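Residues in the sequence shown are numbered from 20 upward in steps of one, following the working numbering. We put the beta carbon where it would ideally sit given N, CA and C, even for glycine. Fair warning: this is a prediction, and the values are worked out from it, not measured in the lab. These notes concern the structure reproduced below.
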Amino acid sequence: MEKLTASSPEAQSANLVAGNIEQLKVLFPELITEGANGVVVNVDVLKALVNDASVADSDEKYGLNWHGKRRARQLALTPSTGTLRPCLEDSVDWDRTQNLMIEGDNLEVLKLLQKSYAGKVKLIYIDPPYNTGKDFVYPDNFQDNIKNYLELTGQVEGGRKISSNTEASGRFHTDWLNMIYPRLKLARNLLCDDGVIFISIDDGEVANLRKVGDEIFGEENFIANIVWQKKYTRSNDAKWFSDNHDHILAYGKNKDLVTLNGQDRNEDQLAAYTNPDGHPKGPWKATPLHAKSGTNTAAFTFSNEIVWAPPKGTYRRFNDATMRQMDEGDEIWFGGDGTQTPQRKSFLCEVKQGVTPVTLWPYQEVGHNHEANNDLKSLGLGGMFDNPKPVRLLQRMISLTTKPDQEHIVLDFFSGSGTTAHAVLEANIQDGGNRRFICVQLPHPLSNPVQDNGVSLTTIADLTAERIRRVAAALQTKRGNTNIDLGFRKYYLSNSNIQAWDPKPSNLEQSLFDSVENILKDRNESDVLSELLLKLGLDMCVPVSKRSVDGREVFSVADGVLFACLTPSIDAQDVEVLAASIVEWHRELSPSVSTTCVFLDNAFSDDVAKVNLTAILQQNGIKNVRSL
20 MEKLTASSPE
30 AQSANLVAGN
40 IEQLKVLFPE
50 LITEGANGVV
60 VNVDVLKALV
70 NDASVADSDE
80 KYGLNWHGKR
90 RARQLALTPS
100 TGTLRPCLED
110 SVDWDRTQNL
120 MIEGDNLEVL
130 KLLQKSYAGK
140 VKLIYIDPPY
150 NTGKDFVYPD
160 NFQDNIKNYL
170 ELTGQVEGGR
180 KISSNTEASG
190 RFHTDWLNMI
200 YPRLKLARNL
210 LCDDGVIFIS
220 IDDGEVANLR
230 KVGDEIFGEE
240 NFIANIVWQK
250 KYTRSNDAKW
260 FSDNHDHILA
270 YGKNKDLVTL
280 NGQDRNEDQL
290 AAYTNPDGHP
300 KGPWKATPLH
310 AKSGTNTAAF
320 TFSNEIVWAP
330 PKGTYRRFND
340 ATMRQMDEGD
350 EIWFGGDGTQ
360 TPQRKSFLCE
370 VKQGVTPVTL
380 WPYQEVGHNH
390 EANNDLKSLG
400 LGGMFDNPKP
410 VRLLQRMISL
420 TTKPDQEHIV
430 LDFFSGSGTT
440 AHAVLEANIQ
450 DGGNRRFICV
460 QLPHPLSNPV
470 QDNGVSLTTI
480 ADLTAERIRR
490 VAAALQTKRG
500 NTNIDLGFRK
510 YYLSNSNIQA
520 WDPKPSNLEQ
530 SLFDSVENIL
540 KDRNESDVLS
550 ELLLKLGLDM
560 CVPVSKRSVD
570 GREVFSVADG
580 VLFACLTPSI
590 DAQDVEVLAA
600 SIVEWHRELS
610 PSVSTTCVFL
620 DNAFSDDVAK
630 VNLTAILQQN
640 GIKNVRSL
């Protein structure tokens, strides 16, 4: 039985560096060599393989560079030793829901999600801080104890509020780039191959964001720069121009695999389709029979003896056989009196479902800032968050990229007021979809905290969760009983449940005694199970079942992919009964993948009990037996 410690690979998030090296090794084995700290990549060989003739000019490369870029890249590759602790009391419908709301620094959370959700997210939308010179505080130095967020994130120093990013600092753009770069690197890993990311930004950083996006996602995977009309009024007090728009940059993980759904036709577009002659195919609109290009200019005689030829400089759109078929099917319109220039009846039921989206999104179609504030006001949360996004804006992105009949995951790791989660729930209610959301938000203090009627909202993360709860309640009231998932599991970022070796030279004896217990004293079974899900790469919403064996609780996770018994005491005489129960349960479930069994290391009365339990399980096909 192998013991898991704080330094074990299983106790950390995915090692992206090791994964990159393995991929290079498969493609180019000659790149891999040995260095002072183990396996390394021979960069000179790599340059030779790609016929790089500019070795002498290697420091002069096209691209965006800034102070701290190397460290920003390393931040994305450094595994996290943290975990996500469940918060059942703040969750809704914990046992059934597939949605996640996570409180904590999104950089560390993105690292922790790698094993469970890499390549599984269909849509990412983020609305990061716009770098206005005001605070956008993210620590990027996760510590083992995240209790005082104000101090940790540098929002206060000695009780005095400070700013982390001002133009006077001389690092206005640099600080922002160092913040966004590693987060986008990690986000790309989470996208599925046909996944899409939308990023909101203003004019201040759009140029830099485009360069960063091109580097991380590949210039060839850039899809569009969408311009959203965020305001419907003119600011006459503006010095030069009234700022009425934001940008939304769209990238695909692999653009060639991305297929966008058609945009719903608006009322004006639908009004063009009528059925004045009562055709059985339904509404239609008249469209020309000619085209700007082609080869056929011959005349065609219809059954009513009207002769038609394409106008000069144009060509026939259809051949004789198709023209005859449309004529016989009453799919040619000759005007109300039957004598006008013939046109094709293009039926609504036969045209492309939806229209190709355009890059200009007017407020009439997707909402504006004022509407976004009203969205919050309607939930009793008005005035608590600056510059929220309207629900309709997010619904547009969701409708373009996801399918209602698939469990597409929508991720927002700058969740703010929770608009993305709101939009996902609304979309599922409207079309009966099975979309899931993952929202991540740092508990940054609200400027106007609320303490009223049993509701305590002091941070933005509190607001995010409360909005989701109120939206779910409103939809439940509106629709009554529904099978749509309106819940969420709430987690918060914390240090690992596995106690790290932390010797105290002044009292080494006590340090040894403290390290006997491998699990922190303030953690429970739910905490440990959640960390096991993360570190073993299981979905955080998989089903968990529980059975009692001689007063000891045994958990089955994901229908037998993981068995865990976290009881603090296992004696030699208990081993056979405990092992037999797990083996029987394993046979009942018959998981299609290998099973892992986990126990507390110090629970065993002696090594004999540990060895015997391991042997029985392995003899019955459960080979991976670990201890904490």
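DSSP-derived helix/strand/coil call for residue i
{"i": "I218", "result": "strand"}
{"i": "K509", "result": "strand"}
{"i": "H309", "result": "strand"}
{"i": "F241", "result": "strand"}
{"i": "A269", "result": "strand"}
{"i": "A622", "result": "helix"}
{"i": "I235", "result": "helix"}
{"i": "D212", "result": "strand"}
{"i": "W247", "result": "strand"}
{"i": "P105", "result": "strand"}
{"i": "V490", "result": "helix"}
{"i": "K629", "result": "helix"}
{"i": "S475", "result": "strand"}
{"i": "E528", "result": "The predicted position of E528 is uncertain, since its pLDDT is 44 and thus under 50; a value taken from the coordinates is nonetheless stated next. Here E528 sits in helix by DSSP."}
Alpha-carbon spacing of residue i relative to residue j, whole angstroms
{"i": "R104", "j": "E127", "result": "13 Å"}
{"i": "A187", "j": "G223", "result": "Bear in mind that a pLDDT of 42 at A187, under 50, signals an unreliable position, so the number given afterwards is only what the model happens to contain. In a straight line, the C-alpha of A187 is about 16 Å away from that of G223."}
{"i": "E238", "j": "K272", "result": "11 Å"}
{"i": "E426", "j": "L413", "result": "17 Å"}
{"i": "F217", "j": "L268", "result": "6 Å"}
{"i": "V111", "j": "T496", "result": "15 Å"}
{"i": "E310", "j": "K66", "result": "One point to set straight first is that residue 310 is Ala, not Glu, in the sequence displayed. For A310 and K66, the distance between alpha carbons rounds to 51 Å."}
{"i": "P409", "j": "K250", "result": "11 Å"}
{"i": "K166", "j": "L107", "result": "At K166 the pLDDT is 40, less than 50, meaning the model places this residue with poor confidence and gives no usable figure here."}
{"i": "F161", "j": "G123", "result": "Here the model assigns F161 a pLDDT of 41, short of 50, so the residue's position is not dependable, and the following value carries that caveat. For F161 and G123, the distance between alpha carbons rounds to 10 Å."}
{"i": "I457", "j": "G214", "result": "15 Å"}
{"i": "P407", "j": "K396", "result": "11 Å"}
{"i": "D275", "j": "N240", "result": "8 Å"}
{"i": "R363", "j": "K371", "result": "16 Å"}
{"i": "N323", "j": "M342", "result": "13 Å"}
{"i": "V231", "j": "M559", "result": "30 Å"}
{"i": "G570", "j": "C584", "result": "11 Å"}
{"i": "L279", "j": "L461", "result": "31 Å"}
{"i": "L43", "j": "A206", "result": "21 Å"}
{"i": "D405", "j": "L46", "result": "48 Å"}
Where residue i falls, given that 16 or more other Cβ within 10 Å makes a residue buried
{"i": "L632", "result": "buried"}
{"i": "A290", "result": "exposed"}
{"i": "N39", "result": "exposed"}
{"i": "W259", "result": "exposed"}
{"i": "Q93", "result": "exposed"}
{"i": "A340", "result": "exposed"}
{"i": "H86", "result": "exposed"}
{"i": "V374", "result": "exposed"}
{"i": "C650", "result": "Only positions 20 to 647 of the chain appear in this structure, which leaves residue 650 out of reach."}
{"i": "V62", "result": "exposed"}
{"i": "G452", "result": "buried"}
{"i": "A598", "result": "buried"}
{"i": "S490", "result": "According to the sequence as given, residue 490 is Val; it is not Ser. When all chains shown are included, V490 counts as buried."}
{"i": "E347", "result": "exposed"}
{"i": "D146", "result": "buried"}
{"i": "P329", "result": "buried"}
{"i": "A95", "result": "buried"}
{"i": "N514", "result": "buried"}
Cβ distance (whole Å) where residue i is taken to contact residue j below 8 Å
{"i": "I220", "j": "L228", "result": "5 Å"}
{"i": "V706", "j": "V576", "result": "Absent from the structure is residue 706, since the part of the chain shown begins at 20 and ends at 647."}
{"i": "N125", "j": "R455", "result": "No, N125 and R455 are not in contact; Cβ-Cβ is about 18 Å, not under 8 Å."}
{"i": "M403", "j": "N467", "result": "6 Å"}
{"i": "S434", "j": "T483", "result": "5 Å"}
{"i": "I428", "j": "K629", "result": "In fact, because the Cβ distance is near 39 Å, the residues do not count as touching under 8 Å."}
{"i": "L398", "j": "L444", "result": "About 12 Å; that fails the 8 Å criterion."}
{"i": "E431", "j": "Y144", "result": "The question names Glu, but residue 431 in the sequence shown is Asp. Rounded, the Cβ-Cβ distance is 5 Å, consistent with contact."}
{"i": "A317", "j": "R336", "result": "At roughly 13 Å, the Cβ-Cβ gap does not stay under 8 Å, so A317 and R336 are not in contact."}
Selected residue, minimal CA-CA separation from residue i, among the options
{"i": "V580", "options": "L494, V602 and A257", "result": "V602"}
{"i": "R89", "options": "Y144, P201 and M559", "result": "P201"}
{"i": "Y149", "options": "R488, P409, L131 and D265", "result": "D265"}
{"i": "V385", "options": "L482, V246 and P423", "result": "V246"}
{"i": "W380", "options": "N406, R542 and Q282", "result": "Q282"}
{"i": "S436", "options": "Q470, A492 and I487", "result": "I487"}
{"i": "E572", "options": "E595, T586 and V561", "result": "T586"}
{"i": "I517", "options": "P307, L608 and L619", "result": "L619"}
{"i": "N447", "options": "G401, N502 and A622", "result": "N502"}
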